[in-house]
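Participant: Right, I'll just put the structure down here and ask away after.
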Amino acid sequence: MKIYTLHKKQNLPISVEQAWEFLSSPANLKVITPDYMGFNILSGADRPMFPGQIIQYIVTPVLGIKTKWVTEITHVKNLEYFVDEQRFGPYALWHHKHFIKEIEGGVEMEDIIDYKLPLGILGQIVHPFLVQPKLEEIFNYRTKKLEELFGKHKG
């Protein structure tokens, strides 16, 4: 069983409170997801984030195939971190940790995603040319979009 990890960090010139307010609102996920992904929240984004929260959405990650994705917010420490885990969707495992910490002149945001693909060896074969590049592309888009929204950190 192969488990992959995607690790991203980004610094922004905003306060921890501003970062938390934006990132902990499930509705803002659509703002930082590429339009071609067809991201549409079905339910669960109508209140501030809390442990046990279930969020259902539709996403079109590859080849125009609409996929239902259900995540649960499993852990929340106000102004510091939250964790979402896939309960139903395209991955055999999806565990996404979001950390926020104050740094000089702003905040550091860190994402650590541990994920496993379905389909055994076939999933491992398509990972390097289909899944990994797509995830990199999505997170690079997020980096760019967050800089457009909040500016570049001067560090």
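If you use UniProt numbering, the sequence shown closes out at 155, no skipped numbers anywhere. Beta carbons: idealized from backbone N, C-alpha and C, even for Gly. For clarity, every value in this text was computed on a predicted model and none was experimentally measured.
#1: Do ALA19 and VAL107 have their C-beta atoms within less than 8 Å of each other?
#2: Going by alpha carbons, who is nearest to LYS134 out of ASP111, ILE112, GLU17 and VAL62?
#3: What first and last residue would you give for the alpha helix (DSSP H) that runs through VAL31?
#4: Which stretch, first to last residue, makes up the alpha helix (DSSP H) that contains THR143?
#5: Within 10 angstroms of its Cβ, does PHE88 collect 16 or more other Cβ (buried), or is it exposed?
#6: When the Cα atoms are used, what is the spatial distance from PRO13 to LEU122?
#7: Pull up the distance between the alpha-carbon of THR5 and that of GLU136, whole angstroms please.
#8: Looking only at its chain, what residues have a beta carbon closer than 6 Å to the beta carbon of PHE141, apart from the 5 residues adjacent to it on each side?
#9: So the candidates are LYS8, SER15 and ALA27; which of them puts its Cα closest to the Cα of ILE103?
Facilitator: In this structure, then:
#1: Their beta carbons are under 8 Å apart, which means ALA19 touches VAL107 by this criterion.
#2: Each of ASP111, ILE112, GLU17 and VAL62 was checked against the Cα of LYS134, and the nearest Cα belongs to VAL62.
#3: No alpha helix (DSSP H) holds VAL31; DSSP gives it neither H nor E.
#4: It spans 132 to 150 - the alpha helix (DSSP H) in which THR143 sits, taken as one unbroken run.
#5: Exposed: under 16 other Cβ atoms inside 10 Å.
#6: Within the model, the alpha-carbon separation for PRO13 versus LEU122 is close to 42 Å.
#7: A straight line joining the alpha-carbon of THR5 with that of GLU136 spans about 11 Å.
#8: The question names Phe, but residue 141 is Tyr in the sequence shown. Excluding residues within five positions, the ones whose Cβ falls inside 6 Å are PRO34.
#9: Out of LYS8, SER15 and ALA27, SER15 has the C-alpha closest to the C-alpha of ILE103.
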